[in-house]
Amino acid sequence: TPFFEGLHGGPAGKAENLKQIAQSERRQPEEILFVGDSNGDYEAAREFGCRFVGVANEWNQWHQKPFPLITSLSELTALL
Numbered sequence: 268t269p270f271f272e273g274l275h276g277g278p279a280g281k282a283e284n285l286k287q288i289a290q291s292e293r294r295q296p297e298e299i300l301f302v303g304d305s306n307g308d309y310e311a312a313r314e315f316g317c318r319f320v321g322v323a324n325e326w327n328q329w330h331q332k333p334f335p336l337i338t339s340l341s342e343l344t345a346l347l
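Counting in the numbering used here, the sequence shown tops out at residue 347, every number present.
Here it is in structure tokens:
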């Protein structure tokens, strides 16, 4: 709980949720990092204009992408 301020989901789309978060936090898109594991996550980050890090797993079979890939959140700090 100390790391989260709210939950966002449908019916709004992911890009719209990112816009709402940016407004409530008074942040620009380039100040936000979206960590996700689906093509939809990546497309939402692109549409919104924020940075994206993909979590590669057996489900998405990501091996090479135009964005950084991690397999564990523990790897995220090295990218920041």
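Note that CB positions come from ideal geometry on N, CA and C, so glycine has one too.
Everything numeric in this text was worked out from a predicted model, so none of it was measured.
Between the C-alpha atoms of residue i and residue j, what's the straight-line distance to the nearest angstrom?
{"i": "Gln-295", "j": "Val-322", "result": "23 Å"}
{"i": "Asn-327", "j": "Gly-277", "result": "22 Å"}
{"i": "Leu-346", "j": "Phe-315", "result": "20 Å"}
{"i": "Ile-288", "j": "Phe-319", "result": "15 Å"}
In terms of DSSP beta bridges, what is residue i paired with?
{"i": "Arg-318", "result": "Leu-300"}
Specify the secondary structure class of residue i as computed by DSSP and reduced to three states.
{"i": "Leu-340", "result": "helix"}
{"i": "Ala-323", "result": "coil"}
{"i": "Leu-346", "result": "helix"}
Would residue i be called buried (16 or more neighbouring beta carbons within 10 Å of its own) or exposed?
{"i": "Ala-279", "result": "exposed"}
{"i": "Ala-312", "result": "buried"}
Inset, instruction - Give, in chain order, every unbroken run of the alpha helix (DSSP H) that is at least 4 residues long and sits entirely within the segment 270-295. - result: 281-292
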